[in-house]
Amino acid sequence: MPFETLPDAPRASFLGLPLEMRQQIYLQYFTIEGGYIYDAESDKLVQANRCSIDLSLRRVCRTIAIETYDYPLTLNKITFSTAYRRDWRKKAAMFEIITTYHFRLLGAMLKRLRHCLTPDMYKTPPTQHDSRYMSVVAKSISDTIDLETRHPEFNADSNANGYMLDFKAGRGFKDDGGDLSRPSGNDNNISSNRAYTYLLQQIATQSPEKFREGIDDFLPGWAQSKSNPTSDFFELGFDFWAISSMREITDMIKDLQLEERWDQLDLWRYSEYLKEGYTGTRYCYQHKHFFSAAALAIHFLKSMSQTQRLLITKLILNEDRMAVGNPECHIIGLIPFTKENPHLFIEHRVNLWRNIIPRSCEESRFRSFPTRNESIIEPSEDDLDQHQVYHAYASQTICRFIMHTLESLREGLPPNSYSVIFDGQPELNHSTETFRYLMEIQIAWLTAYTDCVAHGVLAPPENKTYPFQTCPSTTDTVSIQDRSSIIQCNFTLDQPWSYREIAGDNDDNIEGRDSVHDVMRDFDIDEDYLDFDKLHVSNGKVDWMQIQGEFFETRPRSGLPEVETKVLDHRGLKE
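The sequence shown begins at 1 in the UniProt record's numbering and counts up one residue at a time.
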């Protein structure tokens, strides 16, 4: 029987499936458990399990590529966490120095050119809420001139220059963003920098020669080395959230004449204090400096096309370590992206134990860590032990994050595009006790004397979630429609707090304080748990000495050439 050829059977085709079925397949294929995370080492997005993102289905044919162009970025949240890289250490450390030094340069220039400032210059601030820093400058200048009048021997120019030289030499403290409840000349934030720059620009226009002379006082040789000395001056500094290239950092170091600080960052430091009786390994230390999750997100979003950015629906910013550049200000750098993409939602997590608490004592406890880490000498009763911090500093740091959330709304952040979550991991119960102890009276003050409730940053006192919403975990957040406040936390606060009980009848417990910085809690407390003004940080999984150690590179001193090391003085390790 001759072989009979059968007719071709119809071949199954993926594109022959109904579109609705294909879309379900796409949904399953492109949705990744945990979404995407940003990998700082490669500067790329990867899956939450650290594997590469598989987009091979999109490369099958043009039709599938077109049908799925929005799926990967639309379906998956993108998580950014704070990042430290060994090859970034020096530039991150120097970025922190430049952030304060440039701010102090602006302030010193205003003092140096104080007689060029006229009353009309203060009347038109760049934005309405910059007027508060116009008032700060006006009072500072008035006080300086008055001091000169009453004490002719006082040299304001020398004083301003000494202020700069002290910081250049590594003395003094860095300037943070301030709590904004009472503007100060030490507030280094977007608004203050904008106001100072605006005043200096007016002086440069009206008194160009004196302005150039002023620059040369602080940056000798500037006028001779620059083709446009005035305009080049206003190019100094970085955005608080910048992740600058090494070339940009080294160019700025040269312009600001900070080469000595840069060279010192290569050295490994060791302590000779309080070593009596210590027989363990002797180490040398270098400070780890992290970039914030918000800064990394801004850096990455800028590298994308607008078409790609418009597909993103959710960013998670996991601020799990303290970071450089006054990070309480960084959300302002994301405002343009929220305006560009109305569908974008940003969830900003700030860890209590590895971000807020370390940041609150960065200038004190962290400096002395190389000494305390290798000492068996018990501190005096009046001093902090190895597991304590001063509670007032921690309270102030939390207040800065709250007030800068309010500030970001004033700068134009859409409230429905953003939430802040105070993260209590890895000890939620300890977070509950600690947060209430630190913030009870401060929250009452912020409720009464700021716009935090009016702008939805805090819940109203009559709300059952006051002072703010609790979400059960950082992976199960409250919807915009259901939340009572922009700020939330993933640990219980035993809500609602009684505003009247905390503030007192007629606000007796909080009235008369000019700023939240001046608010102090009642010290009638359980002495077994907290000692007067000290907060015991270590508890369960929270080990304060271990956390501090996470911010340092260490090497045995015996393994390093002496030329690469330097003994610390009494001030401890400061970079």
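Where is the CB? At the ideal position from N, CA and C, for every residue including glycine.
Whole-number beta carbon distance between residue j and residue i, since they are thought to touch under 8 Å
{"i": "SER192", "j": "TYR122", "result": "About 14 Å separates the two Cβ atoms, so there is no contact after all."}
{"i": "VAL519", "j": "TYR270", "result": "The pair is not a contact, with the Cβ atoms about 40 Å apart (cut-off 8 Å)."}
{"i": "PHE240", "j": "HIS330", "result": "6 Å"}
{"i": "THR434", "j": "LEU535", "result": "7 Å"}
{"i": "ASN188", "j": "GLY177", "result": "6 Å"}
{"i": "residue 578", "j": "ARG354", "result": "This structure cannot settle anything about residue 578, because the visible part of the chain is limited to 1 through 575."}
Residue i - containing beta strand (DSSP E), residue span
{"i": "LYS566", "result": "565 to 567"}
{"i": "THR79", "result": "78 to 81"}
{"i": "LYS317", "result": "Rather than Lys, the amino acid found at residue 317 in this sequence is Leu. 314 to 319 is the extent of the beta strand (DSSP E) around LEU317."}
{"i": "GLN488", "result": "487 to 489"}
CA-to-CA distance, residue j to residue i, given in whole angstroms
{"i": "PRO415", "j": "HIS404", "result": "13 Å"}
{"i": "residue 617", "j": "ILE32", "result": "As shown, the chain starts at 1 and ends at 575. That puts residue 617 outside it, with no answer to give."}
{"i": "ASP508", "j": "ASP251", "result": "54 Å"}
{"i": "LEU236", "j": "LEU105", "result": "10 Å"}
{"i": "SER408", "j": "ALA108", "result": "27 Å"}
{"i": "ASN155", "j": "ASN161", "result": "10 Å"}
{"i": "GLU347", "j": "GLU340", "result": "17 Å"}
{"i": "THR447", "j": "PRO460", "result": "8 Å"}
{"i": "ARG22", "j": "LEU15", "result": "8 Å"}
{"i": "GLU553", "j": "PRO229", "result": "40 Å"}
{"i": "ARG261", "j": "THR565", "result": "15 Å"}
{"i": "SER131", "j": "VAL453", "result": "23 Å"}
{"i": "LEU573", "j": "GLN264", "result": "11 Å"}
{"i": "LYS302", "j": "LEU165", "result": "36 Å"}
{"i": "SER135", "j": "GLU148", "result": "20 Å"}
{"i": "MET94", "j": "GLY170", "result": "12 Å"}
{"i": "PRO336", "j": "GLN206", "result": "33 Å"}
{"i": "ILE25", "j": "ASP533", "result": "59 Å"}
{"i": "GLY277", "j": "TYR38", "result": "46 Å"}
{"i": "THR371", "j": "GLN388", "result": "16 Å"}
{"i": "HIS129", "j": "SER158", "result": "32 Å"}
{"i": "PRO561", "j": "CYS284", "result": "11 Å"}
{"i": "ASP120", "j": "SER184", "result": "21 Å"}
Residue i: first and last residue of the uninterrupted alpha helix (DSSP H) it sits in
{"i": "ASN429", "result": "428 to 449"}
{"i": "GLU153", "result": "Note, GLU153: premise wrong, no alpha helix (DSSP H); not H, not E."}
{"i": "TRP268", "result": "Premise fails: TRP268 lies in the beta strand (DSSP E), 268 to 270, not in any alpha helix (DSSP H)."}
{"i": "LYS302", "result": "293 to 303"}
{"i": "CYS399", "result": "391 to 410"}
{"i": "ILE97", "result": "89 to 112"}
{"i": "GLN264", "result": "259 to 264"}
{"i": "GLN47", "result": "No alpha helix (DSSP H) contains GLN47, which is instead part of the beta strand (DSSP E) from 44 to 47."}
{"i": "ASP239", "result": "Looking at the DSSP string, ASP239 is not in any alpha helix (DSSP H), and its letter there is neither H nor E."}
{"i": "SER360", "result": "357 to 360"}
As assigned by DSSP and simplified to three states, the class of residue i
{"i": "LEU348", "result": "A quick correction: the sequence has His, not Leu, at residue 348. Looking at HIS348 - three-state DSSP - the assignment turns out to be strand."}
{"i": "PHE552", "result": "strand"}
{"i": "CYS284", "result": "strand"}
{"i": "THR230", "result": "helix"}
{"i": "GLU562", "result": "helix"}
{"i": "ARG372", "result": "helix"}
{"i": "TYR499", "result": "helix"}
{"i": "ILE37", "result": "strand"}
{"i": "LYS534", "result": "strand"}
{"i": "VAL136", "result": "helix"}
{"i": "ILE377", "result": "coil"}
{"i": "GLN481", "result": "coil"}
{"i": "SER419", "result": "strand"}
{"i": "VAL516", "result": "helix"}
{"i": "GLN469", "result": "strand"}
{"i": "TYR529", "result": "Unreliable placement is indicated for TYR529, whose pLDDT of 46 sits below 50; no coordinate value is reported for it."}
{"i": "GLN425", "result": "coil"}
Exposure label - residue i; buried when at least 16 CB within 10 Å
{"i": "HIS115", "result": "exposed"}
{"i": "TYR36", "result": "buried"}
{"i": "PHE300", "result": "buried"}
{"i": "HIS570", "result": "exposed"}
{"i": "PRO391", "result": "Per the sequence shown, residue 391 should be read as His rather than Pro. By the neighbour-count rule (16 or more Cβ atoms within 10 Å), HIS391 is buried."}
{"i": "ASP451", "result": "exposed"}
{"i": "HIS151", "result": "exposed"}
{"i": "THR99", "result": "buried"}
{"i": "LYS174", "result": "buried"}
{"i": "TYR466", "result": "buried"}
{"i": "ALA503", "result": "buried"}
{"i": "ILE78", "result": "buried"}
{"i": "GLU378", "result": "exposed"}
{"i": "ILE402", "result": "buried"}
{"i": "THR480", "result": "Rather than Thr, the amino acid found at residue 480 in this sequence is Ile. ILE480 is exposed by the Cβ-count criterion."}
{"i": "MET545", "result": "exposed"}
{"i": "ASP423", "result": "buried"}
{"i": "GLU527", "result": "Confidence in GLU527 is poor, its pLDDT being 49 and thus under 50, which makes the residue's placement too unreliable to answer from."}
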